[in-house]
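What follows is a short report on a single structure.
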Amino acid sequence: MSTFRTRIHVTESLALLLCIVATFAFALFLVLEWQLLDLSRGITPYYFGVTFIVWALMLLFIGYWYQARRQSHEQRLMEELQFAYARGDLTTEEYQERQKQLQKKTSR
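This note's numbering numbers the first residue of the sequence shown as 4 and each following residue consecutively.
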């Protein structure tokens, strides 16, 4: 089970790293493109539209990644709580109390 969790953690870390690299690459592309544009014409609607769409897609990706990571973390906490209860480390009252605390914490 721990190798599965490690794989999830590595996958999440790689997704975040990819997102950061893509953000910097796109920012570099915008800077280079801005320098190559003929500034006397100004920014055409085409460039503005493409820029807006790419930034919107990147923000959606970041939001999706964050939500997936948060749900994964909540699921891991619940699994660890269930394993502790199954091993007998927790009494029924402790298990129910911690489960309520976890649900309250994750519902925010």
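Yeah, the Cβ is synthetic: ideal placement off N, Cα and C, and Gly gets one too. No experiment lies behind these values; they were computed from the predicted model shown.
Give the C-beta separation of Q102 and L84 to the nearest angstrom, bearing in mind that I take them to be a contact with Cβ-Cβ under 8 Å. 6 Å
Please identify the residue among L20, A30 and E77 whose C-alpha is closest to the C-alpha of K107. E77
Measuring straight from C-alpha to C-alpha, what distance separates L93 and Q104? 15 Å
Reference S110; option with closest CA among M61, E96 and R73: R73
Start-to-end residues for the alpha helix (DSSP H) that takes in T94: Careful: T94 lies outside any alpha helix (DSSP H) and carries neither H nor E.
Which same chain residues end up closer than 6 Å to Y98 when comparing Cβ atoms and leaving out the 5 residues on each side of it in sequence? Y88
What is the rounded straight-line gap between the Cα of W114 and the Cα of F86? Missing from the structure shown is residue 114; the chain here goes from 4 to 111 and no further.
State the Cα-Cα distance for the pair T26 and F55, rounded to the nearest angstrom. 13 Å
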